[in-house]
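Going by the numbering used here, the residue at position 117 of the first sequence is 97; the numbering climbs one at a time, nothing skipped.
All C-beta atoms in this analysis are idealised placements derived from N, C-alpha and C, irrespective of residue type, glycine included.
Nothing here was measured: the structure is a model prediction, and the numbers come from that model.
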Amino acid sequence: MKNLFVEQTINKIDETVELYGWVDSKRDHKKIVFIDLRDRTGTVQVVGGEEFKALSEEDVIWLKGLVKKRPEKLVNPKIKTGAVEIEVKEMRVLNKTNPIPLPVNTDGYEIDEEVRLRYRYLDIRRPRMYKNLALRSKFIDLIRQYLFSKEFLEIETPILSETTPEGARDFIVPSRLQPGKFYALPQSPQQYKQLLMVGGVERYFQIARCFRDEDPRADRAYGEFTQLDLEMSFVEREDVMNLIEGMIIDIYEKLKAPIKQKPFPVFTYNEAIKKYGADKFDLRSGEDKKNGTQAFAWVIDFPFFEKTVDGGWTFTHNPFSAPLPEFMDDLLNKKNISSILTSQYDLVCNGYEVGGGSIRNHTPKGLKSVFEIMGLTPDEIDLKFGHMIEALGYGAPPHGGIAPGIDRLLTCITGEKNLREVIPMPMTSGGRTAIMKAPSAVKEEKLKELGIKIR
RNA sequence: GCGGUCGUAGCUCAAUUGGCUAGAGCAAUUCCCUGUCACGGAAUAGGUUGCGGGUUCGAGUCCCGUCGAUCGCGCCA
């Protein structure tokens, strides 16, 4: 097993070491040949001769060699290991590469994204992409550390689930055992996490994959995305906001990412619209952008309902939200509907909406009232949300939560312009997996088994 | 669903007003060079200009269609 990373050679002067990695570049001077050996931690120069002649860029090799301090005038200040070089003793090619279809020693922005996605497994060899993936891993690690220290449980919720009657378009999956019927992939674990609160879990989180069949944008990947899904019992709006704000401040300190204003500024929806013309906005100065400062803010006091085109009402954010306490009577009596404010809070960072949540309606009558205002009949309410209303009737605790988007937070913190730069294997905007050929046709027998006829 | 931009060698690009055999850098292959560090130098190979049609003596270039990528609008509880 490999037990030494390239960047550690700097501490192994005069020792014989074994290294594994890829040939990043080769400089052949006939009698003396240099290669840069690369692994995920960086590159180091290896000095050899005849044995390196046949190497090509991206060959995978093992080598044994002596780490030598470089003479002063031969130090390369551009790389972390520039003060040393390896004098090769033995070398083996573990796998000779075919000509590589795209360069991996640039930042990659110049390359057609279609090519980068098709060869994503090579694209992530480039240091920038590896760094983004490593940061993503660290970020999630720090989330877990923080939330476990606050007595949270990490719990998985189903992926094969029920269609969501409102909201985004669902991905649906045919059922074999119930021919002609379909599962849906969750747009978020919203209902399950509330049921966990009914179940007395009190503090839940999940690094949750969410699925929505809506057209993509630069800040919105097609198909699936990841959020930190979180729910707490016996809390009020400020409790959830404080918890998540505390978590972010802790994580960003550990990642040495400066935050512009702490505590995060809070704007009401009306203030935000008046001041910025939108409910998401970028508070950074030019200087902030240059040094990677992250500007967080909260937006609260959104209207609960808005008029639909046909004159009815629909919710602005989340039908499971409770109104602010002072509007509960109006909700239950279906009065002054346009002025009811929701307990919804949105987290904004650098102009992106990076999360949203609310205190939920934890009584059956509160939730029912929302659907009644939306004009659903008792039968419809029962059919679509009967299970939730029933569950709330069995001693559901007051509860609320939030769901920060991991992809967007990472886009902000890395300064990337596109969400796909922090997603390991994203789909194209046309909904294709770029490496494998999904979605693909399935064989006639398979369809028959599922009870599906095409056309 | 709609609109913008783009599609030429494995990658990044060039090709004047529609006109000679579609060029260059990187990568690949062969060769030269003891200190380079994204080394340098010489040569070779590499093309259905996304695909299909049209206009024209002649199309990478103009027109129509189509496919794909990407950005935005709609959409996104």
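Residue i - DSSP class collapsed to helix/strand/coil
| i | result |
| --- | --- |
| residue 193 | coil |
| residue 7 | strand |
| residue 445 | The structure shown does not extend to residue 445, since the chain is modelled only from -19 to 435, so the question has no answer here. |
| residue 99 | coil |
| residue 30 | helix |
| residue 162 | strand |
| residue 277 | strand |
| residue -9 | helix |
| residue 379 | strand |
| residue 56 | coil |
| residue 283 | strand |
| residue -4 | strand |
| residue 397 | coil |
| residue 51 | coil |
| residue 202 | coil |
| residue 265 | coil |
| residue 357 | coil |
| residue 178 | helix |
| residue 111 | helix |
| residue 312 | helix |
Residues of its chain near residue i, where Cβ-Cβ distance is below 6 Å and the 5 sequence neighbours each way are ignored
| i | result |
| --- | --- |
| residue 0 | -18, 42 |
| residue 399 | 199, 201, 387, 391 |
| residue 406 | 201, 400 |
| residue 224 | 382 |
| residue 8 | none |
| residue 437 | This structure cannot speak to residue 437, because the chain is shown only from -19 to 435. |
| residue 3 | 15, 35, 37, 39 |
| residue 76 | 39 |
| residue 126 | 227, 230 |
| residue -10 | 61, 64 |
| residue 217 | 323, 339 |
| residue 20 | 110 |
| residue 376 | 178, 342 |
| residue 132 | 183, 185 |
Residues near residue i in its chain [Cβ-Cβ closer than 7 Å; skip 5 each side]
| i | result |
| --- | --- |
| residue 116 | 390, 402 |
| residue 169 | 137, 186, 188, 209 |
| residue 442 | Limits of the chain in this structure are -19 at one end and 435 at the other, which puts residue 442 out of reach. |
| residue 72 | 41, 42 |
| residue 196 | 202, 409 |
| residue 205 | 190, 385, 387 |
| residue 222 | none |
Per DSSP, cross-strand counterpart(s) of residue i
| i | result |
| --- | --- |
| residue 407 | 413 |
| residue 246 | 278 |
| residue 152 | 164 |
| residue 133 | 184 |
| residue 446 | Since the first and last residues shown for the chain are -19 and 435, residue 446 lies out of range. |
| residue 420 | DSSP, once it has assigned bridges, lists no residue as partnering residue 420. |
| residue 440 | Here the chain has residues from -19 to 435 only, and residue 440 is not among them. |
| residue 328 | 277, 333 |
| residue 75 | 40 |
| residue 24 | 17 |
| residue 340 | 301 |
| residue 259 | Residue 259 pairs with nothing; no bridge assigned. |
| residue 402 | Answer is none; residue 402 lacks a bridge partner. |
When the options are compared against residue i, the one with the closest alpha-carbon
| i | options | result |
| --- | --- | --- |
| residue 380 | 355, 339, 367, 404 | 339 |
| residue 28 | 20, 18, 12, 19 | 12 |
| residue 149 | 351, 193, 320, 128 | 193 |
| residue 167 | 144, 356, 176 | 144 |
| residue 333 | 233, 349, 280, 310 | 280 |
| residue 259 | 207, 205, 272, 331 | 331 |
| residue 241 | 358, 373, 328 | 328 |
| residue 164 | 256, 180, 310, 147 | 147 |
| residue 393 | 345, 184, 119 | 119 |
| residue 429 | 204, 205, 306, 156 | 156 |
| residue 171 | 411, -11, 341 | 341 |
| residue 269 | 396, 95, 418, 290 | 396 |
| residue 282 | 213, 299, 267 | 299 |
| residue 312 | 325, 296, 134, 350 | 350 |
| residue 290 | 10, 355, 335 | 355 |
| residue 17 | -14, 30, 33 | -14 |
The ligand ATP heavy atom lying under 7 Å from the CB of residue i
| i | result |
| --- | --- |
| residue 216 | No copy of the ligand ATP appears in this structure; indeed no ligand is present at all. |
Same chain, Cβ closer than 8 Å to residue i, five either side skipped, listed in chain order
| i | result |
| --- | --- |
| residue 370 | 344 |
| residue 86 | 106 |
| residue 48 | -7, -6, 64, 65, 66, 67 |
The segment 40 to 60 contacting the segment -6 to 6, beta-carbon criterion three pairs below 8 Å | Taking 8 Å as the limit for Cβ pairs, the verdict is that the segment -6 to 6 does touch the segment 40 to 60.
Would the segment 263 to 277 and the segment 230 to 247 be scored as touching if the rule is three or more Cβ pairs under 8 Å?
-> Result yes; three or more Cβ-Cβ pairs closer than 8 Å.
Any 3 or more C-beta pairs closer than 8 Å across the segment 363 to 373 and the segment 418 to 426 = Cβ pair count under 8 Å is below three, so no.
If we count Cβ pairs, one from each stretch, closer than 8 Å, do we get three or more for the segment 102 to 110 versus the segment 53 to 72?
-> At 8 Å Cβ cutoff, the stretches do not touch.
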